[in-house]
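This report refers to the structure that appears directly beneath it.
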């Protein structure tokens, strides 16, 4: 829903990394793995 | 001058070993010198290009194929005894002539590839001596080549071991780099997230103050 | 049974080539058989362990050192002509005996390492035939070893080339990984920075509103 979308947009950046929650190596690896077509 | 020495055992006298030496320039089909010795006497003959052509024509074989057969029968050591056979007979009071023939066996029949009449040499010691010298030179040459190859192989093995070490180090360095970068990244990112949390807190407080002020007014 | 065949040129008859064959079991110092041939005749003699000990004692050389000298003088091919020399003389109506001596040269003097009296063989053809056979077997063995070494060499070179390719790929992959990770990192980091800028802007606006409201009140 638009509300959920709005909520996630505030909590996570477009790559799925949280703006506020600290990240560890495994989580960051997962974020990077979802990033495709970087060129 | 190319040479080849091999052992042959005549079918009519299989207990006697003869040594057959063939010497030729560039290609066998241009002609070759045949030497046969039993370790005591020696007989020689020169086979010309024309002799070879004539022999090929006599047995109705194509020249090139005939030369190939000659190579196999005269120049191979031992391995083809099922396919080729030799025979020797001597002639004359002092065995001045030696008849040397070679055949190819095909299933149940055999056909003559060639026959030669060799002449006895007056000084066999010289011929035998040269033959042995040739063998010793071959041995020395092969020893040198083998030593060279062994040294080369040793170097290659050493290079291979080094390279395996380098590859292993590269793989480990790649893994270390990955871990190192991720460690640094999360430190920097988490610093930014702390900043974001603080800003969000300040913003919330500021927004609450605005609301309170509006209400108070 | 170990064997070695080498050429020697007697100092008193350097134009004649003799072939010296030494045959021994395990170690030369336990005794050996000497055969000399000029390609026509052959002479043989058995040298026992006791003969060797006696000879070493005669020249006042330690047994082990003497055996080492024997190895060098009798078993090396050619390379040490400046250090060792041989001589041959024959005795008897039919040259039934052959005196064979070997010396070591040291600067200006030479000392006799050994001398033997060999007996002529009645059937030299057999001895010479065996000697040539032995040489041909050596050649065949060395060829086989040579081929094996060349095959090994080829495999090692191929492995080396493969490994070089893998190392190159690993180095490239490491560089790619670094670039790739940094690229992803800066994208994620810049998202955080954009968020921080936005929050800072909102906070500033909120703080300005608070100030305005306070002033208005």
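Residue numbers (the numbering used here), protein chains in the order written: chain B, 1 to 39; chain E, 1 to 217; chain F, 1 to 217.
Glycine is no exception: its CB is placed at the ideal position from the N, C-alpha and C atoms.
- Nearest CB-CB separation between residue 174/F and chain E: below the 9 Å threshold.
- Contact between the segment 174-186 of chain F and the segment 169-182 of chain E is present: 3 or more CB-CB pairs across the two stretches fall below 8 Å.
- When secondary structure is reduced to three states using DSSP, residue 165/F falls in the helix class.
- Pairing residue 76/F with residue 63/F gives a Cβ-Cβ distance that is not under 9 Å.
- Exclusion of the five residues before and after residue 144/E leaves no residue of its chain whose Cβ lies closer than 7 Å to its Cβ.
- Rounded to whole angstroms, residue 110/F and residue 37/F show a C-alpha spacing of 25 Å.
- Taken through DSSP and simplified to helix, strand or coil, residue 107/E comes out as coil.
- Listed as beta-bridge partners of residue 37/F by DSSP are 19/F and 42/F.
- Between the segment 129-137 of chain E and the segment 7-19 of chain F there are three or more C-beta pairs closer than 8 Å, enough to call the two in contact.
- Chain B places a beta carbon closer than 9 Å to that of residue 184/F, counting this residue as a contact.
- Sequence-distant Cβ neighbours of residue 116/F in its own chain, meaning closer than 7 Å and more than five residues away, are 34, 45, 47 and 100.
- Taking a beta-carbon distance threshold of 9 Å, residue 9/B does not count as an interface residue toward chain E.
- Contact of residue 19/B with chain E by beta-carbon distance below 9 Å involves 192, 193, 196, 197 and 200.
- Any Cβ of chain E closer than 9 Å to the Cβ of residue 125/F would place that residue at the interface, and such an atom is present.
- Around residue 56/E, the same chain offers 63 and 66 as residues with beta carbons nearer than 6 Å, after the five sequence neighbours per side are excluded.
- In the assembly as shown, residue 41/F is a buried residue. Its beta-carbon has 16 or more other beta-carbons within 10 Å.
- Taking a beta-carbon distance threshold of 9 Å, residue 181/F counts as an interface residue toward chain B.
- With respect to chain E, the C-beta atom of residue 153/F has a partner C-beta closer than 9 Å.
- Look at residue 99/E: its C-beta is not under 9 Å from any C-beta on chain F.
- Taking C-alpha positions only, residue 205/E is separated from residue 181/F by approximately 37 Å.
- Residue 87/E places its beta carbon less than 9 Å from that of residue 11/E.
- For residue 5/F, a Cβ of chain E is located within less than 9 Å of the residue's own Cβ.
- Taking CB atoms only, residue 19/F has a neighbour in chain E less than 9 Å away.
- Between residue 97/F and residue 24/F, the C-beta gap is not smaller than 9 Å, which leaves the two residues out of contact.
- Put simply, the CB of residue 206/F is near chain E, with a gap under 9 Å to one of its CB atoms.
- Taking C-beta atoms under 8 Å as the contact rule, residue 156/E and residue 160/F qualify, at a distance of about 6 Å.
- Residue-level contact check: residue 209/E touches chain F, since one or more beta carbons of chain F fall below 9 Å from its beta carbon.
- Taking 8 Å as the upper bound for CB-CB distance, residue 138/F and residue 139/E are in contact here, some 5 Å apart.
- Note on geometry: alpha-carbon atoms of residue 195/E and residue 29/B lie some 22 Å from one another.
- One thing to note: residue 183/F has its Cβ no nearer than 9 Å to the Cβ of residue 210/E.
- Measuring C-alpha to C-alpha distances from residue 120/F to each of 197/F, 158/F and 89/F identifies 89/F as the nearest.
- Counting along the chain, the unbroken beta strand (DSSP E) around residue 5/F starts and ends at 2-8.
- Membership of residue 91/E in the beta strand (DSSP E) is indicated by the continuous run 84-91.
- Under DSSP, residue 117/F shares a beta bridge with 99/F.
- For residue 51/F, the enclosing alpha helix (DSSP H) covers residues 49-58.
- Below the 9 Å Cβ cutoff, chain E contributes no neighbours of residue 161/F, its closest Cβ being approximately 10 Å away.
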